[in-house]
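To start, the structure under review is shown below, and the notes come after it.
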Amino acid sequence: MMPVPLPTETILRAARGNTQAFREVVEWLQPFAYSVAYRFTGDADDAEDIVQEAFVRLWRHLPNYKPEIKLTTWLYRIVVNLCFDFLKSRHRRQQKNRVGLADGHGVADLSSPEKDLQQRELLDAIHRACETLPPRQRAVFILRDLEGLSAQEACEALSMDPGTLKSNLFYARRQMGEKLRALYQDNTNHFSL
Numbered sequence: 583m584m585p586v587p588l589p590t591e592t593i594l595r596a597a598r599g600n601t602q603a604f605r606e607v608v609e610w611l612q613p614f615a616y617s618v619a620y621r622f623t624g625d626a627d628d629a630e631d632i633v634q635e636a637f638v639r640l641w642r643h644l645p646n647y648k649p650e651i652k653l654t655t656w657l658y659r660i661v662v663n664l665c666f667d668f669l670k671s672r673h674r675r676q677q678k679n680r681v682g683l684a685d686g687h688g689v690a691d692l693s694s695p696e697k698d699l700q701q702r703e704l705l706d707a708i709h710r711a712c713e714t715l716p717p718r719q720r721a722v723f724i725l726r727d728l729e730g731l732s733a734q735e736a737c738e739a740l741s742m743d744p745g746t747l748k749s750n751l752f753y754a755r756r757q758m759g760e761k762l763r764a765l766y767q768d769n770t771n772h773f774s775l
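Quick look at the structure:
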């Protein structure tokens with residue numbers, strides 16, 4: 583979900599090196615950046631590392647900021663690029679070590695342990711299915727369907743034309759549906775879609 587716009591003057595003050603204004607920018611964008619990074623990585627610590635690096639890069643390049651460019655789009659691009667780099671390096675590590683990832687962070691509190699378990703299992707299934715998508719499809723799926731960005735915002739964040747975005751989203755949704763349906767058929771006692 584996109585954050586409520588921050589006054590352009592605050593962003594411009596941060597671009598001129600005002601650290602207090604940059605703190606406001608970080609406070610404004612941190613939940614948004616973390617959400618994207620976590621959906622890519624599935625790990626709270628990795629997501630925090632990516633977000634920290636994203637803000638370091640944002641600070642370094644903020645003097646080049648132009649008000650006609652949405653800061654959220656710029657940050658999305660930084661976070662997504664860092665996530666792609668992370669996923670490539672994680673894939674290489676997994677090929678060597680065959681190490682699994684920890685999941686389950688950020689699951690909402692529900693009214694009963696049974697519902698909590700169902701929610702965790704569903705989120706885990708979505709996360710596992712999402713991990714199998716090719717990187718571009720995963721990025722489009724996360725930004726459009728999980729983060730709720732408009733098609734235009736996702737195109738800008740990913741530097742992708744609308745046709746390519748639509749195609750990637752179509753194939754991502756199809757693969758996600760197939761994987762979740764197959765999982766659901768194997769686990770009909772655990773959760774319902």
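Residues 583 to 775 in the working numbering are what the sequence shown lists, from first letter to last.
We put the beta carbon where it would ideally sit given N, CA and C, even for glycine.
Exposure of T714 is indicated by the presence of fewer than 16 other C-beta atoms within 10 angstroms of its C-beta. Around A629, the same chain offers Y616, A619, Y620, T623 as residues with beta carbons nearer than 7 angstroms, after the five sequence neighbours per side are excluded. Shortest Cα-Cα distance from F604 to any of R718, A739, A754, R642 involves R642.
Counting only residues of its own chain and dropping the five nearest sequence neighbours on each side, A707 has a CB closer than 7 angstroms to the CB of L762, L765. Under the three-state reduction of DSSP, T655 is assigned to helix. In this structure, V662 sits away from F637, with a CB-CB distance that is not shorter than 8 angstroms. Assignment of P716 by DSSP, reduced to helix, strand and coil, places it in the coil class. In terms of CA proximity to R598, K648 leads the group K648, L588, F614, G759. Rounded to whole angstroms, G759 and P645 show a C-alpha spacing of 43 angstroms. The three-state secondary structure of R598, taken from DSSP, is coil. With contacts defined as CB atoms closer than 8 angstroms, I724 and F668 fail to qualify as a contacting pair.
Assigned with DSSP and collapsed to three states, L747 falls in helix. Note that the C-beta distance between Q719 and Y753 is below 8 angstroms.
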